[in-house]
Amino acid sequence: MRRPHIRTVAVAVAVATAATGLAGTAFAGPSTGVERSAASATNATLVVEAARTAAFAHASATGVSKGDALHAQDVLIDPEGARHVRFVRTHNDLPVLGGDLIVHLDRGLGYTGVTRAADHAVKPATAKAQLTADQAAAKAAKAAKGDAGSAQLVVDARDGASALAYQVTVTDQDNSRTVVVDAVTGKVRSNTPTRDEFLSPKLLDALRERGETLDPATGAGSASGASGLVGSGATGAAAYPSAAKGTGKTLFVGTVGLTTTQTSRGHYQLKDPNRYGTETRDAKNSYTEKFSAGTKLTNTTNVWGNGKTTSRVSAAADAQYGITKTLDFYKSTFKRKGIANNSKPAQAMVHWGKKVANAFWDPTCNCMLYGDGDGDMFKKPLVVLDVTGHELTHGVVEATANLQPTFVDSDGNQYGEPGSLNESLADIFGSNVEFYAKNTKDTPDYLIGEKLGLSQKFLRRLDHPSLDKLEGTIDYWSSDTYYTEVHAGSGVSSHAYYLLAEGSGKKTINGVNYNSPTYHNIAVKGIGRTKATAIYYRALTRYMVSTTDFHQARIATLKAAKDLYGANSTEYKTVDKSWAAVNVTAANTPSAKH
């Protein structure tokens, strides 16, 4: 999905509600730019120190050892009293890849358990590098075919072992990769694309082989009033800048309301002051990964685009609408304030690169990048609503569990269950953004990419994943799932989620027909999308780490259901049954990790 990324250490506090998982105000350290409350900061400090002390006191369970230091990334306080502290780790001051863990405490700050990524000690066999930083950078540049940045010493604790390594970012004109090189042997341990691509290399190859041309319909006309954004600011303000009610004439969702910034009388910018300053800019077909290098979008009418590609601003209206709807979904449903829950803006650049047939969540600029299509196979910008919800959810996952692929092939295709789970969560919450938006020009459904113009009428679907023949998405888990490309493997948990929400068998929702099969024909009665989504979000934020696989995801969602509804509840029992219905059970848990 993304590069293994050691984020700036900060403490975030969120007060939870039992109904949805995350709520209240986030408080973080100075590096995040969020104003902090003294009382909440004090509380956070006490919780973090208790969790850190417990981690070392219970070293046999947590895997923490001499030389390790734990840096708090999140603190979540549940109303029933549980506290969860997510840590990233350093060993002898070196960042540890795959060393993240969550320490769980009770109301009295007593230790109740741990969720850890590495099930082994992170101390490498040797602390002395045989390669220089320059040698490692040269190997990384050769492996990734680009220009290498500086090499940073790290401990690579992924894949069941620990080794001293160098981490190097390698860039070329239109991409960047994170390469990890063994500091002793010089072997390339991983070579991962920095950006998440909505359309995988494998899928693009499949489309080329089929000779399929994607030319989705645009200029759909006006959407209902429900598609406008709630809380747009007033116009005619005496002081500037101020919020203003604008209109977006989009490519895919009709005419929608947009909150913009009035910079002076009769002048507007496509920037939303009511949503942390969230903004879309024009990359002018450059490959920049600096949002500041994008061209600001301004006009004198506060009408953005014309519903067609003849206006460069139409795609920007789609992007801004999709991003603000995604932010509103997360805030309304979970009280999450921004992608990283730090009240910072979400950002996007449209018209990125030349003939780029893709869209990305890019952690380098912490923004969305949208290509215009290659003009051949894909003829329109990839700015549809569920694509935006999907990609921004990768940002949410990065800020929480940071689920990572297990390995990547030479073509950039990613594999492994944590990566598949990441793609699945992006599809799950991306579809929820559609349900939240209620836009009549983009019917809320459990289909992903249904607006792309594919011959199979969708890219992926949650009710019956294997109907996706392009990616070969799977319905059920097997021991081969480890070796499945992540978009194809995402079907396992996406299917489990759909069954939890809607149940098995035939169903029609918003005019879309579904017919969800199950393993061994297990009958499942759904608990509803609201509860299912609350369970999966709580599992992501409290019980998933960078290496979580499908069997561990089952445990995480069971713990989340127990927290929210109780161990004897229908919701808890249905979670268990939904995973059994995709062949993920306690009984078939692999005895050892790959």
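Residue numbers for the sequence shown, in this note's numbering: 320 to 913.
Glycine included, each C-beta is placed from N, C-alpha and C at the ideal position.
Do I396 and R405 come within 8 Å of each other at the CB atom, strictly closer than that value?
Stepping through the sequence shown from its first residue, residue 405 is reached at position 86. Stepping through the sequence shown from its first residue, residue 396 is reached at position 77. The answer is no: Cβ separation not under 8 Å.
Give me, in chain order, the residues of the same chain whose beta-carbon lies closer than 8 Å to that of H728; leave out the 5 immediate sequence neighbours on both sides.
Here residue 728 refers to the residue found at position 409 when the sequence shown is read from its first residue. The sequence given here has Asp at residue 728, not His. Excluding positions up to five away in sequence, the list reads Y734.
Quick check: the Cα distance between S651 and A851, rounded to an integer number of angstroms?
Sequence index remark: in the sequence shown, residue 651 carries index 332 (1-based). Sequence index remark: in the sequence shown, residue 851 carries index 532 (1-based). Taking the straight line from one Cα to the other gives about 16 Å.
State the DSSP-derived secondary structure class of E769, mapped to helix, strand or coil.
Residue numbering aside, residue 769 sits at position 450 when the sequence shown is read from its first letter. The answer is coil: DSSP assigns E769 none of H, G, I, E or B.
Write down the C-beta distance between T628 and Y587 rounded to the nearest angstrom, noting that I regard them as a contact closer than 8 Å.
Here residue 628 corresponds to residue number 309 of the sequence shown, with the count starting at 1. Here residue 587 corresponds to residue number 268 of the sequence shown, with the count starting at 1. The Cβ separation is near 22 Å, so there is no contact.
How would you label F375, buried or exposed, when you count the other beta carbons within 10 angstroms and need 16 or more for buried?
Start at 1 with the first residue of the sequence shown, and residue 375 comes out as number 56. When all chains shown are included, F375 counts as exposed.
Could you say if the segment 861 to 868 and the segment 415 to 429 meet the contact criterion of at least three C-beta pairs nearer than 8 Å?
Short answer: they touch.
Alpha carbon to alpha carbon, how far is E368 from A358? Give it in angstroms, no decimals.
Translated into positions along the sequence shown, residue 358 becomes position 39. Translated into positions along the sequence shown, residue 368 becomes position 49. Unreliable positioning characterises A358 in this predicted model, as indicated by a pLDDT of 43, which lies under 50. The coordinate reading is nonetheless provided below. Taking the straight line joining both Cα atoms gives about 16 Å.
By DSSP, does K826 sit in helix, in strand, or in coil?
Within the sequence shown, numbered from 1, the residue matching residue 826 stands at position 507. In this structure, K826 counts as strand in the three-state DSSP scheme.
Contact defined as beta carbons within less than 8 Å: I believe V811 pairs with S750. What is the distance between those atoms, to the nearest angstrom?
Along the sequence shown, one-based indexing puts residue 811 at 492. Along the sequence shown, one-based indexing puts residue 750 at 431. V811 to S750, Cβ: 16 Å. No contact.
Whose C-alpha, out of V499, N494 and D491, is nearest the C-alpha of A476?
Looking up residue 476 in the sequence shown gives position 157. Out of V499, N494 and D491, V499 has the C-alpha closest to the C-alpha of A476.
For a test of the three-state rule: what should DSSP assign to H806, helix, strand or coil?
As a first step, residue 806 is located in the sequence shown; it is residue number 487 there, counting from the start. Three-state DSSP puts H806 in a helix.
Hey, would you say V489 sits closer than 8 Å to A448, going by beta carbons?
Counting from one through the sequence shown, the residue named residue 489 turns up at place 170. Counting from one through the sequence shown, the residue named residue 448 turns up at place 129. Not in contact: V489 and A448 (Cβ atoms no closer than 8 Å).
Which residues in the same chain as A900 place their Cβ atom closer than 6 Å to its Cβ, once the five residues preceding and following it in sequence are excluded?
Within the sequence shown, the letter at position 581 stands for residue 900. Within the same chain, A900 has close Cβ partners L818, T837, Y838, I841 and V843.
What number of angstroms, rounded off, separates the C-alpha of Q723 from the C-alpha of D453?
Residue 723 sits at position 404 when you count from the first residue of the sequence shown. Residue 453 sits at position 134 when you count from the first residue of the sequence shown. Between Q723 and D453, the C-alpha separation is close to 27 Å.
Since Q454 is in the alpha helix (DSSP H), which residue starts that stretch and which ends it?
Your numbering for residue 454 matches position 135 in the sequence shown. Its alpha helix (DSSP H) spans residues A452 to A463.
Please report the residue range of the beta strand (DSSP E) in which Q392 lies.
Counted from its first residue, the sequence shown places residue 392 at position 73. Taken as a continuous stretch (DSSP letters only), the beta strand (DSSP E) holding Q392 covers D387 to I396.
Could you check what DSSP says for L548 in three-state terms: helix, strand or coil?
Within the sequence shown, residue 548 is the residue found at index 229, counting from 1. Its pLDDT being 40, under 50, L548 is placed unreliably by the model, and nothing is read from it.
Could you tell me whether the segment 887 to 901 touches the segment 750 to 762, using the rule of 3 or more Cβ pairs below 8 Å?
No, the segment 887 to 901 is not in contact with the segment 750 to 762.
Is G565 helix, strand or coil when you go by DSSP?
Position 246 of the sequence shown, counted from the first residue, corresponds to residue 565. In the structure shown, G565 sits in a strand (DSSP, three-state: E or B).
Which one or two residues does DSSP pair with F726 in a beta bridge?
Against the sequence shown, residue 726 aligns to sequence position 407. Looking at the DSSP assignment, F726 forms a beta bridge with Y734.
So the alpha helix (DSSP H) I642 belongs to, where does it begin and stop?
On the sequence shown, residue 642 is found 323 positions in, with the first residue counted as 1. That run of the alpha helix (DSSP H) goes R631 to F653.
Go ahead and pull the three-state DSSP assignment for G343.
What you label residue 343 is simply residue 24 of the sequence shown in a count that begins at 1. Residue confidence for G343 is low, a pLDDT of 32 falling below 50, so the modelled location carries little weight and cannot support an answer.
With three or more C-beta pairs closer than 8 Å as the rule, is the segment 556 to 570 touching the segment 604 to 617?
With a cut-off of 8 Å, the segment 556 to 570 and the segment 604 to 617 do not count as touching, because too few Cβ pairs lie within range.
Using a Cβ-Cβ cutoff of less than 6 Å, which residues in the same chain neighbour G708 once the five nearest sequence positions on both sides are dropped?
The count along the sequence shown starts at 1 and reaches residue 708 at position 389. Hits under 6 Å: T645, G749 and V752.
Note down the Cα distance separating K564 from V503, rounded to an integer number of angstroms.
Within the sequence shown, numbered from 1, the residue matching residue 564 stands at position 245. Within the sequence shown, numbered from 1, the residue matching residue 503 stands at position 184. Rounded to the nearest angstrom, the two C-alpha atoms are 59 Å apart.
Measuring alpha carbon to alpha carbon, tell me which of V441, Y855, P592 and K896 ends up nearest A484.
Walking along the sequence shown from the start, residue 484 turns up at place 165. Ranking the options by Cα distance to A484, first place goes to V441.
Below 6 Å CB to CB, which residues in the same chain sit around L967 once its five sequence neighbours on both sides are set aside?
With the chain represented from 320 up to 913, any question about residue 967 goes unanswered, as that position is not in the structure.
For P349, which residues from the same chain have a beta carbon less than 7 Å from its beta carbon, with the 5 sequence-adjacent residues on both sides left out?
Start at 1 with the first residue of the sequence shown, and residue 349 comes out as number 30. A caution first: P349 carries a pLDDT of 27, below 50, which makes its placement in the model unreliable, though a value can still be read off. Excluding positions up to five away in sequence, the list is empty.
In angstroms, rounded to a whole number, what distance separates the CA positions of A391 and E608?
Residue 391 sits at position 72 when you count from the first residue of the sequence shown. Residue 608 sits at position 289 when you count from the first residue of the sequence shown. One C-alpha to the other measures close to 28 Å.
Do you know offhand how far T409's Cα is from Q486's?
As a position in the sequence shown, residue 409 is number 90, starting the count at 1. As a position in the sequence shown, residue 486 is number 167, starting the count at 1. Answer to the nearest angstrom: the Cα atoms are 14 Å apart.
Hey, quick one: how far does the alpha helix (DSSP H) through F869 stretch, first residue to last?
Along the sequence shown, read from residue 1 onward, the residue named residue 869 stands at position 550. Unbroken alpha helix (DSSP H) run through F869: F869 to Y884.
Buried or exposed, going by whether 16 or more other CB atoms sit within 10 Å of the CB of V894?
Here residue 894 is taken as the residue at index 575 of the sequence shown, counted from 1. Classification for V894: buried.
Under 8 Å, do S495 and T513 count as touching if we go by C-beta distance?
For the purposes of this step, residue 495 is taken as the residue at position 176 of the sequence shown. For the purposes of this step, residue 513 is taken as the residue at position 194 of the sequence shown. It is a contact, given that the beta carbons lie within the stated cut-off.
Pull up the CB-CB distance for S633 and N621, whole angstroms please, since I reckon it's below 8 Å.
For this step, residue 633 is matched to residue 314 along the sequence shown. For this step, residue 621 is matched to residue 302 along the sequence shown. S633 to N621, Cβ: 15 Å. No contact.
With hydrogens ignored, establish whether the beta-carbon of L413 is closer than 7 Å to any heavy atom of the ligand MG.
The ligand content of the structure shown is nil, which means the ligand MG is not present either.
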